[in-house]
Amino acid sequence: DGGITQSPKYLFRKEGQNVTLSCEQNLNHDAMYWYRQDPGQGLRLIYYSQIVNDFQKGDIAEGYSVSREKKESFPLTVTSAQKNPTAFYLCASSKRQGAGSNQPQHFGDGTRLSIL
Amino acid sequence: AQKVTQAQTEISVVEKEDVTLDCVYETRDTTYYLFWYKQPPSGELVFLIRRNSFDEQNEISGRYSWNFQKSTSSFNFTITASQVVDSAVYFCALITLAGTYKYIFGTGTRLKVLA
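Line by line, the protein sequences give chains Y and L.
Each step along the first sequence adds one to the number in our numbering, with nothing skipped, and position 51 is 51.
Each step along the second sequence adds one to the number in our numbering, with nothing skipped, and position 9 is 125.
This is the structure we're talking about:
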């Protein structure tokens, strides 16, 4: 079955350390997204990519970085510059958005990141 | 500005009761899409429904129904005869085509269905 796989499910970070969250999809979707979820704040967009080798900052990109070298992969790095990284991170993918169309996003199971 | 408001933070109902989750949106764009997602305790968001701004027909899918009213900028979600398995956080989201195709999510409503 096609889907989105996020790993690991739980991740712990030490102060000053960079960590990378994995997101892989086999849905043949062009677009991929990273969201951060905090209690009571819903989902906030970190980065998104509509096509390979291209990505855009979302609403809260500071302290994060991404790459999109392959269609099926969109890893997110939480850098030491992100001062409050403890959150639940969700990756999503969709067919490419475009004028006259809209596509629902499909989500992974999430990664819960905590600071040691 | 675009915004989605889910004023109900948490709702508790007893099994078999009907429950309505409210969603109010703001946008100046004339073409937009509204979505509802369910987030069970396992964490992933599950797509429930998509509605475009030109289609105000209400929709029913089993125990779920959606009421879209442009006049009040609302897209409410009703669960009939609720079940314990309906317990989850439900998100309403907006995307407009005049923007950059980014979803705007509401803050979610946590529904607890008690046996």
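Beta carbons are placed, not taken as given, at the ideal position from N, Cα and C, and that holds for glycine.
Item, Value
"Taking CB distances under 9 Å as the criterion, tell me whether residue 144 of chain L reaches chain Y.", "no"
"Thinking residue 12 of chain Y and residue 114 of chain Y are a contact (beta carbons under 8 Å), I'd like their distance in whole angstroms, please.", "5 Å"
"Can you check which of these residues, L:203, L:227, L:121 and L:196, is closest to residue 150 of chain L by C-alpha distance?", "L:121"
"Work out the CA separation of residue 117 of chain L and residue 80 of chain Y for me, nearest whole Å.", "32 Å"
"Please identify, using Cβ separations under 7 Å, the residues of the region 139-164 of chain L that lie next to chain Y, in order along the chain.", "149, 151, 158, 159, 160, 161 and 163"
"Can you confirm whether the region 216-226 of chain L touches the region 164-172 of chain L when touching is taken to mean that 3 or more C-beta pairs between the two stretches lie within less than 8 Å?", "no"
"I'd like to know whether the C-beta of residue 184 of chain L is nearer than 9 Å to at least one C-beta of chain Y.", "no"
"Could you compute how far the alpha carbon of residue 65 of chain Y sits from the alpha carbon of residue 134 of chain L?", "44 Å"
"If you reduce the DSSP assignment to three classes, tell me which class residue 186 of chain L lands in.", "helix"
"Which bits of chain Y does residue 221 of chain L rub up against, with CB to CB less than 7 Å?", "42 and 43"
"Please check if any C-beta of chain L sits within less than 9 Å of the C-beta of residue 116 of chain Y.", "no"
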